[in-house]
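J.: Take the sequence shown: its position 67, counted from the start at 1, is 67 in this note's numbering, and no numbers get skipped. Every residue gets a Cβ at the ideal spot worked out from N, C-alpha and C, and that includes glycine.
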Amino acid sequence: MARSEEKAMHLLNRWVDQQRKIETGQLFQRPHYNRPRYATDCTSLKDCVHWRQTLVRDISKNISDIQNASLGEQKIRELNDLINRLLRTKKHWEDQIRALGGPDYSAMRAGAGEAGEGAEIIGGNGYKYFGAAKDLPGVRELFEHQRAMRAAEDAERKKRRTRKELYQDIEPDYFGWRADDDEVQLLEESQRELELQLEAEEEYRRTHGISPHKRGRTASSGSASSATAAVAQPTPSSPSRRQATAAAYKSFVSVPTEGEIDKLILAKKKQLLVQQYVSDKDKEQQKETEDMLSTSKGGA
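#1: Check Y127 in the structure and name its three-state DSSP category.
#2: From the DSSP output, in three-state form, read off E317 for me.
#3: Let me see if you follow: with CB-CB separation under 8 angstroms, is D81 close to chain B or not?
#4: Which two residues bound the contiguous alpha helix (DSSP H) that contains D58?
#5: Tell me the DSSP secondary structure of L100 in three-state form.
#6: What number of angstroms, rounded off, separates the C-alpha of A119 from the C-alpha of E78?
#7: Taking the C-alpha atoms as reference points, what is the distance between V16 and L100?
#8: How would you label T89, buried or exposed, when you count the other beta carbons within 10 angstroms and need 16 or more for buried?
#9: Helix, strand or coil for E171, going by three-state DSSP, please let me know.
#10: Between the alpha carbons of A358 and H208, how many angstroms are there, rounded?
#11: So what does DSSP say about I210, is it helix, strand or coil?
#12: Under a three-way DSSP split, which group does N34 fall into?
#13: Counting C-beta neighbours from all protein chains within 10 Å, is the total for A132 16 or more, i.e. buried, or is it exposed?
#14: Determine the DSSP secondary structure at E284, reduced to helix, strand or coil.
#15: Please report how far the alpha carbon of D104 lies from the alpha carbon of I122, in whole angstroms.
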């Protein structure tokens, strides 16, 4: 009895081990061993996973073979073409696996034996170069030209002005802070405002037959006529009046520059030094000398 139980357990262990090998692709028992020509012809998820694993093993083997630079130029080119064909085929099987509800291998990180070691040329339509194929005649020049182009782009990117540098040259006019300082613009705006007001009153009178103001029609007409006259004959603004208006309307106070601040600090330091080393008697003598010079100049 004990011997039969031991045999059953032994067979069970063998069966579990065999199923594990089938799932991982190490053991594949099917009526035929040839991979289907098109991935869409295979409707079994397990078969698709198995064929993808066989492609990964073939790619890994060819990548290890192409590292040998002594194979010759023709052999290296053939191996590189074969690896690219296997990569395209593997992608078709990965798409079929995803369509059947399997894992998304394209979103996973490329493993050691996959396309992670290949180098691609810009504009090469996804064609990759592996191992010794990167040093083939004609291919090496393409990679050097690509590296030079990338270095030039990086240098040009470094020369571009940053956002901080752009904001350093922005003046208050950019934000419209000095828009209210222009007296000519203020006069034109007031005139245009009166024109729009008269047009609105005329439109209301034409539509309703009465003035929008129930009281003070006379005053309203008088003000309208005066406003029209003011619009028709704008008063010329003299330079003195323009300066006075500019001084009255000031929406932004200019900040002194760094050079002006340095001059003010230097003048203050000189004043402190004079006050420290010059006595009151010297100050009185200097004042008397200045008074005498001013008196002599006035008499002359």
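T.: Short version:
#1: Looking up residue 127 in the sequence shown gives position 127. Coil at Y127, not helix or strand.
#2: Since the first and last residues shown for the chain are 1 and 300, residue 317 lies out of range.
#3: The displayed structure is made up of one protein chain only, and chain B is not part of it.
#4: Translated into the one-based positions of the sequence shown, residue 58 becomes position 58. L45 to I66 is the span of the alpha helix (DSSP H), which, as asked, contains D58.
#5: Along the sequence shown, read from residue 1 onward, the residue named residue 100 stands at position 100. In the structure shown, L100 sits in coil (DSSP, three-state: anything other than H, G, I, E or B).
#6: Indexing the sequence shown from 1 puts residue 119 at position 119. Indexing the sequence shown from 1 puts residue 78 at position 78. Going by the C-alpha atoms only, they are around 17 angstroms apart.
#7: Stepping through the sequence shown from its first residue, residue 16 is reached at position 16. Stepping through the sequence shown from its first residue, residue 100 is reached at position 100. When rounded, the distance between both Cα atoms is 26 angstroms.
#8: As a first step, residue 89 must be located in the sequence shown, where it is residue number 89. So T89 counts as buried.
#9: Position 171 of the sequence shown, counting from 1, holds the residue named residue 171. Coil, per DSSP.
#10: Shown here, the chain extends from 1 to 300; a query on residue 358 therefore has no answer.
#11: In the sequence shown, counting from the first residue as 1, residue 210 sits at position 210. Coil, per DSSP.
#12: For the purposes of this step, residue 34 is identified with residue 34 of the sequence shown, where counting begins at 1. Here N34 sits in coil by DSSP.
#13: Position 132 of the sequence shown, counting from 1, holds the residue named residue 132. Answer is buried; the Cβ neighbour count reaches 16.
#14: Within the sequence shown, residue 284 is the residue found at index 284, counting from 1. In the structure shown, E284 sits in a helix (DSSP, three-state: H, G or I).
#15: The residue given as residue 104 occupies position 104 in the sequence shown. The residue given as residue 122 occupies position 122 in the sequence shown. Cα to Cα, D104 sits roughly 26 angstroms from I122.
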